[in-house]
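Chains L and W supply the protein sequences, listed in that same order.
With positions in the first sequence counted from 1, the corresponding number in my numbering is that position plus 109.
With positions in the second sequence counted from 1, the corresponding number in my numbering is that position plus 14.
We put the CB at the ideal spot given by N, CA and C, even for glycine.
Below is one structure; the comments refer to it alone.
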Amino acid sequence: SQKIEQNSEALNIQEGKTATLTCNYTNYSPAYLQWYRQDPGRGPVFLLLIRENEKEKRKERLKVTFDTTLKQSLFHITASQPADSATYLCALVNQAGTALIFGKGTTLSVSS
Amino acid sequence: DTGVSQDPRHKITKRGQNVTFRCDPISEHNRLYWYRQTLGQGPEFLTYFQNEAQLEKSRLLSDRFSAERPKGSFSTLEIQRTEQGDSAMYLCASSPDDRSYGNTIYFGEGSWLTVV
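In structure tokens form, the structure reads like this:
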């Protein structure tokens, strides 16, 4: 069955640094991968989608890469701010193409 | 506010009682999803509707769980004979029926269930 792993449960960095989060997946070759942000007690919010034929995608201070050979996506937040502190979830569509499967998430804490 | 709306936001119930959650999706979205999330875990898929048809159910959706979307608009998720293990946040999400969106889904704020 499909498996998604986000490399660490928690990541602590200082303001201004670049945060890099990792998502690995197995037993599947998805056509696209998504990243969501979740604040405590709130529902996840869509951030970025990257397709298999896109190596990299950017949105403001966010950058996502997608390496289908390594079966890995990297999510970068540059010039991080305390307001970026949240849990970031990686998601893939299931093999039926009907629903998203989520990783456990990585909780990012940015200290000032 | 035209986002996904869920009600109630919080529910405390005694073990053995039935509970029902309601979800109002974004109005033009044909697809509706229910997920469950416990502390430290990502959302786990429960079930999926395309309009009023329930097209997929996860193994997590035991016989005590039932979901409906009678007119292809709002949806309800009922849990019968609640157990303490049902304590979780129940998330509803919706999406348009357009694969070009890459199955991007839009979540509500969730309904927290505590079974005591």
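- L/Thr129 sits away from L/Leu209, with the two beta carbons spaced by 8 angstroms or more.
- Take L/Glu114, set aside five residues on each side of it, and the residues of its chain with a beta-carbon closer than 6 angstroms to its own are Asn133, in chain order.
- Judged by their CB atoms, L/Lys180 and L/Thr127 are not nearer to each other than the 8 angstroms cut-off.
- In the DSSP assignment, L/His185 is bridged to L/Thr129 and L/Lys172.
- In summary, the residues of the segment 189-203 of chain L whose CB is separated from some CB of chain W by less than 7 angstroms are Leu198 and Val202, in the order they occur in the chain.
- Separation of W/Gln31 and W/Val129 (C-alpha to C-alpha, rounded to the nearest whole angstrom) is 9 angstroms.
- In the DSSP assignment, L/Phe211 falls within the unbroken beta strand (DSSP E) covering Leu209 to Phe211.
- Secondary structure note for L/Tyr197: its beta strand (DSSP E) is the uninterrupted segment Ala195 to Val202.
- For W/Asp21, the enclosing beta strand (DSSP E) begins and ends at Ser19 to Asp21.
- Within the model, the alpha-carbon separation for W/Ser108 versus L/Ser117 is close to 29 angstroms.
- W/Tyr47 reaches chain L at Ala208, counting residues in chain order whose Cβ is nearer than 7 angstroms.
- W/Asp38 carries a strand assignment under DSSP once its states are collapsed to helix, strand and coil.
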